[in-house]
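Listed in order, the protein sequences are those of chains A and B. Each residue of the first sequence is one higher than the last, beginning at 75 in my numbering. Each residue of the second sequence is one higher than the last, beginning at 2 in my numbering. Where is the CB? At the ideal position from N, CA and C, for every residue including glycine. For reference, the structure is listed below as structure tokens.
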Amino acid sequence: MIHECLIVGGGLAGLTAGIRCAEAGLKVAVVSGGESALTFASGSIDVLGSIPGQPVVRRPFDAIDCLAELSPGHPYAKIGREKVFQSLGWFHGQMAEVGLELGLASDCRENQWRITAAGSLRPTWLSQPATKAMPWECFHGDGACLQKVVFVNITGFLDFMPELAMCGLKQHPSFRSVAVEHFNINLPLEHGHGATADTMRAPQLASAMGDRDMDILARVLSERVQDAELVVMPACFDPDLGCNRLQKLRQRTGLNIIDIATLPPSVHGLRLHKALRNRFRALGGFLIPGTEVRHGTVDGDRVMSVSTGEDLLSADHFILASGSFFSKGLQSVKESMSDPCSVQEPVFNLDLHSWADQPKDFSSHQFLAPEGQNFVRSGVALNQSGQPMVAGKGLHNLHVSGAVLGGYDPVQECSGGGVAISTGWQAAENVICQVKGQQV
Amino acid sequence: MNLFSLNGSGQNHDRSFDRCLKCTACSSQCPVSLVRPDYPGPKQCGPDGERLRLKSPEFMDDALKYCTGCKRCEVACPSNVRIADIIATAKQKYGDNSFKLREFLLSHTDLMGGLTRGSAPIVNKITSLKPTKILMDRGLGIDQRRSFPAYATKSFRSTFKSVASRQEQHARKVSYFHGCFVNFNDPQLGMDLVTVLNAMNIGVRLLQKEKCCGVPLVANGFHDKARANAEFNTSFCEQALESGSERIVSSSSSCSLMLREDYPDMLGVKNEKVQSRISFITRFLAGEFEAGNKPEMKPVNLKVAYHSPCHLIKAGGVLHTLKLLWDIPGLELQQLDSNCCGIAGTYGFKKENYETAQGIGEPLFQQIEESGCDFVVTDCETCKMQVEMSTSKKVLHPVNLLARSLMEE
Ligand SMILES: Cc1cc2nc3c(=O)[nH]c(=O)nc-3n(C[C@H](O)[C@H](O)[C@H](O)COP(=O)(O)OP(=O)(O)OC[C@H]3O[C@@H](n4cnc5c(N)ncnc54)[C@H](O)[C@@H]3O)c2cc1C
Ligand code: SF4
Ligand code: SF4
């Protein structure tokens with residue numbers, strides 16, 4: 075059987091593209107090598123939170139016009155404001171189909187705030203049900219809608235650091251007058267087989283907790299927290315798709331409790347990946363794990379097949395969604411210390427966004443440099459018609475999406491999830507359009 | 002770069018832990034650490050622990066025994082750290098290596114199978130009796146809730162004799178490493194494999210002799226025995242290839258991973274003369290189909306759910322099985338979410354692991370029951386045992402399905 079569409083990479087972009095193709099009735103398979111960025115991500119979907127030289131973005135879709143003018147090579151510029159909105163709305167619905175109710179602001183074109191484990195506030199668009207992002211007005215300007223926030227950790231758990239989060243939050247202008255406190259709760263960990271939280275990662279902690287632990291949490295929280303409007307805990311409650319245990323805890327204590335992603339592995343990120351897989355399978359898509367594509371064969375303006383080194387995989391269309399450096403979608407090569415870093419897309423050797431070739435421009439020594447890191451912006455470039463190129467020549471049946479694309483900075487812009495979803499959706503739309511066009 | 006180097010005693014010493022980036026990707030995928038949070042997970046037990054164990058064996062953590070060797074951590078690792086191999090080697094090097102009867106019985110699958118020859122119905126009856134189960138449970142620590150695979154009345158090797166001579170009519174020939182399970186428990190799978198290959202005009206030979214591939218031996222700490230078997234099997238594979246077989250095929254995903262990759266990597270047994278010509282059967286068949294050698298197939302009007310075994314994922318072989326299943330006309334194929342079934346060879350038979358094994362498999366069992374399928378399809382014999390024991394469904398091998406699509410109605 076020849077697939078109508080073969081997708082390389084099973085992260086957020088690849089599976090989004092796969093779901094859209096399968097929904098349109100195409101025969102589609104996703105080939106994926108290893109873990110995706112979602113294992114490390116917060117599970118919230120950021121669309122656009124920051125444009126250089128502008129105030130923090132409240133209405134991300136409206137801001138895309140401005141962004142497109144400033145950087146015409148940005149992936150959003152190619153798709154356009156309304157289609158980005160359409161694709162993300164569609165994504166929200168797809169996740170709801172498999173029981174993952176991602177949270178929107180009451181005005182669905184607005185951002186909301188999410189608190190990170192390091193205690194910073196980031197503008198995001200969709201939040202995990204348990205994380206319950208806060209409305210924009212909450213932290214706008216100097217005031218905050220809260221008087222008191224309490225961080226609560228499970229005694230011994232090392233991947234969530236309330237002291238750090240507290241210090242971070244206090245630096246935010248709107249938190250100056252907010253009281254921020256923290257304490258730990260000691261739990262027996264009913265299903266932990268005697269192990270203590272200090273040896274566990276968040277997903278393990280989630281499975282170690284039993285009803286007895288939830289009882290203790292409910293009792294201690296009710297006793298110790300009376301006047302806080304917000305209680306922040308590590309995401310370690312519900313390893314599955316719903317947020318039942320946390321919801322119950324909220325009901326029992328009457329407190330506004332949220333849980334936020336810890337150091338990886340992230341329970342929320344893994345949940346999002348599971349929801350994507352479930353939806354893709356339910357629509358009849360196939361996911362081929364543990365299989366890495368080594369290179370692609372190009373003939374003229376078409377990709378003929380991709381190869382794993384041993385096997386050839388043929389398809390009418392291909393979508394490359396292989397992620398950034400960590401996922402091996404991009405590779406950096408440095409022959410010697412004095413040479414500049416060069417970046418490659420290893421499967422097709424696609425043309426990349428150019429950036430100044432001075433080595434110092436590749437990265438800044440300041441890890442969280444305000445202007446961002448240049449290497450983050452490197453990645454695949456698309457031509458006027460949105461096609462990837464090999465040596466300047468556009469490819470018809472290859473579509474590229476997600477973090478392997480260049481010309482944007484997910485970290486600095488707060489745009490990683492939105493770019494992955496909208497470009498994945500757009501890639502699928504291109505394929506659907508061409509396949510259906512041929513059928514007519 | 003070869004990160005394994007042999008030390009004086011012939012054991013592998015792995016330095017791949019040096020490549021660990023501390024990213025925790027491995028820990029996100031370990032099925033054991035979720036069900037047993039007292040198992041510290043692959044990062045801690047593998048690369049982190051190895052650093053300490055090199056300083057002093059006192060850092061050996063008893064919890065390493067809970068690792069099933071599923072290798073899901075290795076699939077997740079972006080840096081090719083051989084996490085599961087590091088753990089397996091550490092268990093052997095620093096663990097309790099005193100002789101244990103239970104481990105001996107569970108791991109010597111060829112010996113146990115051989116002893117049942119001629120007495121299979123009696124043995125099946127005995128192992129399924131309540132008192133025997135209680136005895137095995139109390140005396141040996143083999144969990145009484147576990148059902149034992151039934152032994153066949155006639156082994157595959159003797160059943161094969163009836164078709165052996167006509168194999169030589171085919172110009173092309175492959176040699177089949179059938180393994181213990183096909184020989185003693187599921188000769189039908191072996192015969193189906195012969196039927197399918199013959200329909201593609203390929204003759205099947207057996208190795209002149211074969212012993213257990215060694216997977217259960219390694220898992221139970223009998224490394225020296227495993228190494229001896231590896232040398233034995235490798236030499237008979239060499240002999241088969243020298244005498245006209247173009248390939249060695251195996252219908253077990255675990256046996257083939259062992260024969261091909263783990264002999265040199267984990268046991269230090271050189272197999273470079275045969276390595277590239279050992280294939281898991283679906284890899285071989287998918288290649289033949291691709292090249293145009295596809296038998297004529299009739300529709301198989303069944304609804305099946307495919308479960309991918311951990312070791313097949315690790316070997317990058319899911320693609321080949323899916324390619325074959327996609328090609329069977331009429332088949333309604335559904336893919337199950339990748340989830341370890343929990344049995345991990347002999348692991349789940351041990352009393353102390355029973356709950357863990359069933360806990361790991363639970364999400365899979367639930368999916369299977371909800372799928373509404375007629376059959377589950379999978380490539381691994383122990384996955385088959387586990388799924389048949391834990392769900393209401395029967396399990397077929399992809400080769401069984403292919404044979405069905407050939408047979409006259
Ligand atoms: C630590 C971290 C935190 C983040 N937090 C957030 C957040 O809170 N909100 C947000 O919106 N965004 C966040 N992002 C960004 C966002 O998650 C990513 O931009 C997005 O998930 C990228 O998705 P992708 O599918 O393009 O790539 P990836 O998720 O990297 O997936 C690529 C996949 O392709 C596979 N692959 C690569 N090469 C091959 C090959 N040759 N053959 C087969 N398979 C291959 C890889 O194994 C991988 O599974 C975060 C990113 C990181 C790294
Ligand atoms: S081999 Fe399997 S059980 Fe062992 S550490 Fe790796 S993932 Fe966990
Ligand atoms: S996945 Fe690999 S690199 Fe990452 S922590 Fe585990 S062993 Fe280390």
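So A/Glu109 contacts chain B; which residues on that side make the cut at Cβ distance below 9 Å? As a working note, residue 109 of chain A is residue 35 in the first sequence. Under the 9 Å cutoff, chain B gives Cys24, Ala26, Cys27, Ser29, Gln30, Val76, Ala77, Cys78 and Pro79.
So, does the CB of A/Val102 fall closer than 9 Å to a CB anywhere in chain B? Stepping through the first sequence from its first residue, residue 102 of chain A is reached at position 28. No - not a single Cβ of chain B is within 9 Å of the one on A/Val102.
Under 8 Å from any heavy atom of ligand 2, does the C-beta of B/Ala85 make it? On the second sequence, position 84 is the one that residue 85 of chain B refers to. Flag set: Cβ of B/Ala85 near ligand 2.
Looking at A/Ala111 and ligand 4, is the gap between the Cβ and the nearest heavy atom below 8 Å? The model depicted lacks ligand 4 and carries ligand 1, ligand 2 and ligand 3 instead.
Answer yes or no: do B/Gly47 and B/Ser34 have a C-beta to C-beta separation smaller than 9 Å? Taking the first residue of the second sequence as 1, we reach residue 47 of chain B at position 46. Taking the first residue of the second sequence as 1, we reach residue 34 of chain B at position 33. The answer is no: Cβ separation not under 9 Å.
Helix, strand or coil at B/Ala306 according to DSSP, with G and I counted as helix: Within the second sequence, the letter at position 305 stands for residue 306 of chain B. The answer is strand: DSSP assigns B/Ala306 an E or B state.
Nearest by alpha-carbon distance to A/Met378: which of A/Val294, A/Leu469, A/Gly108 and A/Glu237 is it? Indexing the first sequence from 1 puts residue 378 of chain A at position 304. Ranking A/Val294, A/Leu469, A/Gly108 and A/Glu237 by Cα distance to A/Met378 puts A/Leu469 first.
Taking the alpha carbon of A/Gly284 as the reference point, which residue from A/Pro262, A/Met307 and A/Glu184 has its own alpha carbon closest? Residue numbering aside, residue 284 of chain A sits at position 210 when the first sequence is read from its first letter. When only C-alpha atoms are compared, the closest one is A/Pro262.
Selection from B/Asn302, B/Ala151, B/Cys74 and B/Phe285 that minimises the alpha carbon distance to B/Cys181: For this step, residue 181 of chain B is matched to residue 180 along the second sequence. Looking at the Cα atoms, B/Ala151 is the closest of the given residues.
Close beta carbons around B/Ser80, own chain, < 7 Å, minus the five adjacent residues each side: By one-based count along the second sequence, residue 80 of chain B stands at place 79. Cβ within range, chain order: Arg20, Cys21 and Leu22.
Determine, using beta carbons only, whether A/Pro339 and B/Ala26 come nearer to each other than 9 Å. Numbered from 1 along the first sequence, position 265 holds the residue referred to as residue 339 of chain A. Numbered from 1 along the second sequence, position 25 holds the residue referred to as residue 26 of chain B. Yes; because the gap between Cβ atoms is below 9 Å, this pair is in contact.
Does at least one heavy atom of ligand 2 sit under 8 Å from the Cβ of B/Pro79? Sequence index remark: in the second sequence, residue 79 of chain B carries index 78 (1-based). No - ligand 2 has no heavy atom lying nearer than 8 Å to the Cβ of B/Pro79.
Under 9 Å, Cβ to Cβ, is there at least one residue of chain B near A/Leu361? The residue given as residue 361 of chain A occupies position 287 in the first sequence. Yes, contact with chain B.
In or out: B/Asn230 buried (at least 16 other Cβ within 10 Å) or exposed? Walking along the second sequence from the start, residue 230 of chain B turns up at place 229. By the neighbour-count rule (16 or more Cβ atoms within 10 Å), B/Asn230 is buried.
Where do the N-terminal and C-terminal ends of the beta strand (DSSP E) with A/Gln186 fall, by residue? Here residue 186 of chain A corresponds to residue number 112 of the first sequence, with the count starting at 1. Gln186 to Ile189 is the span of the beta strand (DSSP E), which, as asked, contains A/Gln186.
At the 9 Å Cβ level, is B/Met2 part of the contact set with chain A, yes or no? One-based indexing of the second sequence puts residue 2 of chain B at position 1. Interpretation of B/Met2 is limited by its pLDDT of 37, a score under 50 that renders its predicted location unreliable; the figure taken from the coordinates is listed afterwards. No, B/Met2 lies away from the interface with chain A (no Cβ there is under 9 Å from its Cβ).
With a cut-off of 9 Å, does the C-beta of B/Leu35 fall near any C-beta of chain A? Here residue 35 of chain B corresponds to residue number 34 of the second sequence, with the count starting at 1. Judged by the 9 Å Cβ criterion, B/Leu35 is in contact with chain A.
Residues of the segment 310 to 330 of chain B in Cβ contact with chain A at a cutoff of 7 Å, in chain order, please. Ile314, Lys315, Gly317, Val319, Leu320, Leu323, Trp327 and Asp328
Strictly below 9 Å CB to CB, what residues from chain B border A/Ala91? For the purposes of this step, residue 91 of chain A is taken as residue 17 along the first sequence, with counting starting at 1. The contacting residues do not exist; A/Ala91 stays about 17 Å from chain B at best.
Near B/Gln12, what residues of its chain come up, given a Cβ to Cβ distance below 6 Å and the 5 sequence neighbours on each side ignored? As a position in the second sequence, residue 12 of chain B is number 11, starting the count at 1. Note that B/Gln12 scores 48 on pLDDT, short of 50, meaning its location in the model is unreliable and no value can be drawn from it.
Less than 8 Å separating the Cβ of A/Lys402 from some heavy atom of ligand 1? Working through the first sequence from its first residue, we reach residue 402 of chain A at position 328. Answer for A/Lys402: yes, Cβ within range of ligand 1.
For A/Glu384, tell me which candidate among B/Val164, B/Ala220, B/Asp225 and B/Arg278 has the shortest Cα-Cα distance. The residue given as residue 384 of chain A occupies position 310 in the first sequence. Looking at the Cα atoms, B/Arg278 is the closest of the given residues.
Spatial neighbours of B/Met192 in its chain, beta-carbon cut-off 6 Å, leaving aside the 5 residues before and after: Locating residue 192 of chain B in the second sequence gives position 191, where the first residue counts as 1. Cβ neighbours of B/Met192 beyond the five flanking positions: none.
What residues in its chain sit with their C-beta under 6 Å from that of A/Ser398, if we drop five residues either side in the sequence? Translated into the one-based positions of the first sequence, residue 398 of chain A becomes position 324. Hits under 6 Å: Leu404 and Ala477.
Give the range of the beta strand (DSSP E) segment to which B/Lys299 is assigned. Residue numbering aside, residue 299 of chain B sits at position 298 when the second sequence is read from its first letter. Careful: B/Lys299 lies outside any beta strand (DSSP E) and carries neither H nor E.
Since A/Ala269 meets chain B, which of its residues come closer than 9 Å, beta carbon to beta carbon? Residue numbering aside, residue 269 of chain A sits at position 195 when the first sequence is read from its first letter. Within 9 Å Cβ-Cβ: Arg37, Pro38, Asp39, Tyr40, Pro41 and Ala64.
Spell out the partners DSSP gives A/Met208 in its beta bridges. Taking the first residue of the first sequence as position 1, residue 208 of chain A is located at position 134. Bridge partners of A/Met208: A/Trp187.
Put A/Val130 into one of helix, strand or coil per three-state DSSP. On the first sequence, position 56 is the one that residue 130 of chain A refers to. In this structure, A/Val130 counts as coil in the three-state DSSP scheme.
Can you tell which of A/Asp333, A/Phe392, A/Thr365 and A/Leu195 has the C-alpha that lies nearest to the C-alpha of A/His246? Stepping through the first sequence from its first residue, residue 246 of chain A is reached at position 172. Ranking A/Asp333, A/Phe392, A/Thr365 and A/Leu195 by Cα distance to A/His246 puts A/Leu195 first.
How would you call A/Ile331, buried or exposed, if buried means at least 16 neighbouring beta carbons within 10 angstroms? Your numbering for residue 331 of chain A matches position 257 in the first sequence. By the neighbour-count rule (16 or more Cβ atoms within 10 Å), A/Ile331 is buried.
When you compare the CB of B/Arg284 with every CB in chain A, is at least one pair closer than 9 Å? The count along the second sequence starts at 1 and reaches residue 284 of chain B at position 283. At least one chain A Cβ lies under 9 Å of B/Arg284.
Taking B/Phe60 as part of the alpha helix (DSSP H), name the residues at either end of that continuous run. Position 59 of the second sequence, counting from 1, holds the residue named residue 60 of chain B. Counting along the chain, B/Phe60 falls outside any alpha helix (DSSP H), and DSSP gives it neither H nor E.
Terminal residues of the continuous beta strand (DSSP E) containing A/Phe257? Position 183 of the first sequence, counting from 1, holds the residue named residue 257 of chain A. Unbroken beta strand (DSSP E) run through A/Phe257: Ala253 to Ile259.
Does B/Gly11 get closer than 9 Å to chain A when you measure Cβ to Cβ? Residue mapping note: residue 11 of chain B aligns to position 10 of the second sequence, counting from 1. Low confidence applies to B/Gly11: its pLDDT is 43, below 50, so where it sits in the model is not reliable, and the reading given next is rough at best. It does not: the Cβ of B/Gly11 has no partner Cβ on chain A nearer than 9 Å.
In chain A, which residues lie less than 8 Å from B/Asp338 when you measure between Cβ atoms? Position 337 of the second sequence, counting from 1, holds the residue named residue 338 of chain B. Simply Lys348, Arg351, Asn352 and Arg355.
Run the proximity test for B/Ser57: is its beta-carbon closer than 8 Å to any non-hydrogen atom belonging to ligand 2? Residue mapping note: residue 57 of chain B aligns to position 56 of the second sequence, counting from 1. Flag unset: Cβ of B/Ser57 not near ligand 2.
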